[in-house]
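To keep things clear, I will list the structure first and then write my remarks on it.
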Amino acid sequence: MQDVKDWFSGPLGQQVLASEERVLEQLLPGFFGYHLLQLSPQESPLFSSSVIHHKLKLTASSNDAPATGDSMAADAVELPFAEDSLDVVLLHHMLEFHREPQKLLREVSRVALPMGQLVIVGFNPMSLWGACQPIGRLRQKTPWTGKFIPPGRLMDWLNLLNFKIDRAQYCLYGWPTLKSTSKLPDFSHGLSRNANLPFGGIYLIVARKHVGSMIKVRPVWQRRRAFGGLSVVPPARPATGRGITTRDLPPEE
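Under our numbering, the first residue of the sequence shown carries the number -7, and numbering increases by one thereafter.
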């Protein structure tokens, strides 16, 4: 993922990071807990607005790379964390550039706490950025060499892993070009908050891990007569002990 890391270090990548961090400033302060993990192909922290004390960022690199401060490198599908140990996981542009995105999601599900929050940031194929992908892929240009995952498909994957979708936020509705101004929009109100059209170049999906407990349900058997819907005509009573009915007796003279 070195080419992705280099792209985020460039001017357009830095502008994308600034816009994404602006949206995260509206989301992360509402998440609480003890541990937050950022998984990203680049090294810039995007969790400065989070109130969680212990925050760690992990880059997808060799396991031999040393950990420094709040940063470490590890294989994203073999995270060095115990099961059900992280309150918030920020998955930043990892799925579209990972060779096994579904396996990566399963690993994130393993380390996330029950009722923990998962924030996924990705490129939206249903946008002007996605429209440029065929040309960018033909020219082998990053980030269009990645596999942009539609938000609907990603939500289906999350549902299979017992994640419930809380919200989806979109941004960057223009063409993937460098803007002449450095002023970023405020995503907390106005059109960005109220309309939130699903055609932005970047989506942020927030999901919560749910683990349901198994409850033994005993079957309730109803006492129902066989052929209960039919009416049965009772047999005629015998007039004598030999089983002859009154209809079999001769008429009186």
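Just so it is clear, CB atoms sit at the ideal spot from N, CA and C, and this is done for glycine as well. Given the structure is predicted, the values throughout are model-derived calculations rather than measurements.
Burial of proline 168 is indicated by the presence of at least 16 other C-beta atoms within 10 angstroms of its C-beta. In this structure, isoleucine 112 and leucine 87 form a Cβ contact; the two beta carbons are roughly 7 angstroms apart against a cut-off of 8 angstroms.
Our two residues, leucine 150 and serine 41, have alpha carbons roughly 25 angstroms apart in a direct line. Annotated three-state conformation of glutamine 34 is coil, per DSSP. With distances taken between CA atoms, phenylalanine 140 lies nearest to Met118 out of Met147, Met118, Pro106, Lys133. Between isoleucine 157 and isoleucine 197 a beta carbon distance of about 7 angstroms is seen, short of the 8 angstroms cut, so the two are scored as contacting. By the Cβ test, the segment -3 to 6 is in contact with the segment 29 to 37, since at least three Cβ pairs between them sit closer than 8 angstroms. Under the DSSP assignment, proline 106 falls in the beta strand (DSSP E) whose first and last residues are 104 to 115. Look at alanine 66 here: in three-state DSSP terms it is strand. As far as DSSP is concerned, tyrosine 165 takes part in no beta bridge.
Between arginine 98 and leucine 153, the beta carbon gap of about 7 angstroms places them in contact (Cβ cut-off 8 angstroms).
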